[in-house]
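Here the structure is laid out as structure tokens; the discussion comes afterwards.
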Amino acid sequence: MKPTSGVPTPATPATPAGGNPPAAPVPLCDIQAQYRGLKDEIDAAVLRVLGSGQAILGPEVAAFEQETAAFCGAAHGVGCGSGTDALVLALHALGIGPGDEVIVPPFTFFATVSAVCRVGATPVFADIDPLTFNIDPNLIEAKVTPKTRAIIPVHLFGQCCDMDAIWDVAEEHRLHVVEDAAQSFGSEYAGKRCGTLGAVACLSFYPTKNLGAMGDAGLVTTNDPAVDKKLRALRVHGSEVKYYHKFIGYNMRLDAVHAAVLRVKLPHVGNWLAARETAARRYDALIEASNLHGFMRRPVAKPNRRHTFNQYVVRVPVGHRDALVKYLKESGVGVEVYYPLSLHQQECFKFLGHRTGDFPTSEEAAGGVLALPIFPEITEAQQQRVTEVCAAYLRQSVRRGRVTDATTAANEVRSPRRGLLDRRGTQKQDEPRILRESAARLASGCRLRLSPPSRGCEYTQSHNPE
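Residues in the sequence shown are numbered consecutively from 1, following UniProt numbering.
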């Protein structure tokens, strides 16, 4: 789940001394483009709700729940106020509370872990896979104790976790599996969409998600009718009959206007997901063609999964990440860091007693990741601009002597079990050579030029390496 309440607008770069106008800013995500494409339908849906007099829950929400659960392949869907609400409701509905432990990754959005604390349970961290950033199933079983009640696999950035391996542990120890699918609407594992891969699944419809509302909105999916019934009571103060309260619940209802807008958007999700995947492949090609691949590790999509790229997250050497983020922002390119600090290092979780070094893979990821602009409407020219700015940063670093063979740390992703790995998960062979070639070509003034779609990308020589 995204930690911000709005989409940051990149700064407009200043006009260079030569007098040429600056390149147009590239936003991290352009939700206005999506609205423009569906303006008439969305406006009509909002007016329909305003005219109905039913602002909270009601038939609009019920229809959205049914349609979205069907999209996921689940029997039931319960709308709520946010993805965070969905997590709290799901844990409570499963009876998880004080004295219980829940296994979670430390590299995720805050709500995954805060929800565990909010129901009175204790989060227990298991480190992540260095390639996907998802929880490493090989590290889960060692965290199981007699108090463990559930595992929360977070399908981070648009890619599902290794659910077969997670279910092996869950079934052996009789644990609940609660999907945090906030960033992965429409993603698939072994041909099944997320939302049906656990006992319950928690979805977010924050405006920048694969399916986004006008504000905060969420959904819990399940195939269990008893869990569905309890979820519906918990979201309205624990009441199954108005003003008669069976549980101490919450005010976590879904507004009808958000449901109406989401219903307009849902039929378009398939096309939007395909556009995100196309944009991700284009970035892969641009990074390769511009010789950035020795400096910038691209996202790794595992077999048997559909990665929907809610974010396109790359990894660079720790010493370069913050400088590159600054350079991108100053150049008018939207960028964000998901996430700059592993949760076990957050001040509010000090009571858990962890220290720096306890979860090294998460800590290393937090020091090197950044998200490049991606959204269904992003153009090839915009992606070209993003890549050119990244290449310009690397050329600048070469000239200043900040890039040496030590920069191979960008791709030297270590695992305590598997040794040194490259982006494909195989043993690394000649990364210093790749980096030297990338740096040499960039230093010589080689730059990428946008070519006609049939020709892809090509190199041209530039006398000005910037």
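Heads up, the beta-carbon is just placed ideally off N, CA and C, and yes, glycines get one too.
Quick caveat, the model's predicted, so the values are computed rather than measured.
Would you identify the three-state DSSP class for residue i, choosing helix, strand or coil?
i: residue 294; result: coil
i: residue 41; result: helix
i: residue 397; result: helix
i: residue 310; result: coil
i: residue 187; result: coil
i: residue 331; result: coil
i: residue 417; result: Unreliable positioning characterises residue 417 in this predicted model, as indicated by a pLDDT of 37, which lies under 50. A coordinate reading is not provided.
i: residue 204; result: strand
i: residue 300; result: coil
i: residue 127; result: coil
i: residue 80; result: strand
i: residue 180; result: strand
i: residue 51; result: helix
i: residue 237; result: coil
i: residue 56; result: strand
i: residue 321; result: helix
i: residue 278; result: helix
i: residue 408; result: Note on residue 408: pLDDT 45, under 50, position unreliable in the model; the coordinate value appears next. Here residue 408 sits in helix by DSSP.
i: residue 220; result: strand
i: residue 338; result: coil
i: residue 164; result: helix
i: residue 316; result: coil
i: residue 174; result: coil
i: residue 210; result: coil
i: residue 244; result: strand
i: residue 36; result: helix
i: residue 255; result: strand
Which same chain residues, not among the five before or five after residue i, have their C-beta less than 6 Å away from its C-beta?
i: residue 337; result: 370
i: residue 426; result: Because residue 426 carries a pLDDT of 35, less than 50, the predicted location of this residue cannot be relied on, and no value is offered for it.
i: residue 530; result: The chain is shown only over 1 to 466; residue 530 falls outside these bounds and no answer can be derived.
i: residue 146; result: none
i: residue 162; result: 137
i: residue 207; result: 31
i: residue 378; result: 279
Measure the Cβ-Cβ separation of residue i and residue j and say whether it is below 9 Å.
i: residue 256; j: residue 49; result: yes
i: residue 552; j: residue 335; result: Outside the displayed span of the chain (1 to 466) sits residue 552, for which this structure offers no information.
i: residue 324; j: residue 387; result: no
i: residue 333; j: residue 102; result: no
i: residue 291; j: residue 391; result: yes
i: residue 385; j: residue 24; result: yes
i: residue 343; j: residue 107; result: yes
i: residue 155; j: residue 204; result: no
i: residue 80; j: residue 305; result: no
i: residue 166; j: residue 128; result: no
i: residue 125; j: residue 359; result: yes
i: residue 69; j: residue 231; result: no
i: residue 84; j: residue 238; result: no
i: residue 56; j: residue 234; result: no
i: residue 268; j: residue 38; result: yes
i: residue 327; j: residue 382; result: no
Looking only at its own chain, which residues have a Cβ that is under 7 Å from the Cβ of residue i, when we skip the five neighbours before and after it?
i: residue 171; result: none
i: residue 117; result: 123
i: residue 275; result: 376
i: residue 416; result: With a pLDDT of only 37 at residue 416, under the threshold of 50, the placement of this residue in the model should not be trusted, and no figure is reported.
i: residue 87; result: 111, 112, 115, 180 and 202
i: residue 216; result: 81, 82 and 206
i: residue 429; result: Bear in mind that the predicted position of residue 429 carries a pLDDT of just 41, short of 50, making it unreliable; the figure below should be weighed with that in mind. Closer than 7 Å at the Cβ level, and outside the excluded window around residue 429, lies no residue.
i: residue 192; result: 73
i: residue 119; result: 88, 91, 92, 96 and 97
i: residue 245; result: 237, 238 and 239
Starting from the C-beta of residue i, find all residues in its chain whose C-beta is less than 8 Å away, skip the five residues before and the five after it, and write them out in chain order.
i: residue 260; result: 45, 46, 48, 49, 60 and 64
i: residue 196; result: 72, 73, 74, 221 and 223
i: residue 169; result: 137, 140, 141, 144, 151 and 175
i: residue 356; result: 345 and 363
i: residue 318; result: 364, 367, 368 and 409
i: residue 271; result: 376
Item to complete: Say whether the region 97-117 touches the region 259-275, bearing in mind that this needs 3 or more beta-carbon pairs closer than 8 Å, one atom from each stretch.
Response: no
Fill in: Touch test, the region 53-65 against the region 175-186, Cβ-Cβ under 8 Å, three pairs minimum
no
Item to complete: Let me know the alpha helix (DSSP H) ranges lying completely inside the region 349-381, each 4 residues or longer, listed in chain order.
Response: 360-368
Worksheet item: For the region 103-119 against the region 243-257, are there 3 or more C-beta pairs whose distance is under 8 Å?
Response: no
Item to complete: Taking 8 Å as the threshold, find out whether the region 308-317 comes into contact with the region 341-359 through three or more Cβ pairs.
Response: no
Fill in: Unbroken stretches of the beta strand (DSSP E), 3 residues or longer, contained in the region 83-155
101-104, 122-125 and 148-151
Worksheet item: Do the region 215-222 and the region 68-87 meet, that is, are 3 or more Cβ pairs less than 8 Å apart?
Response: yes
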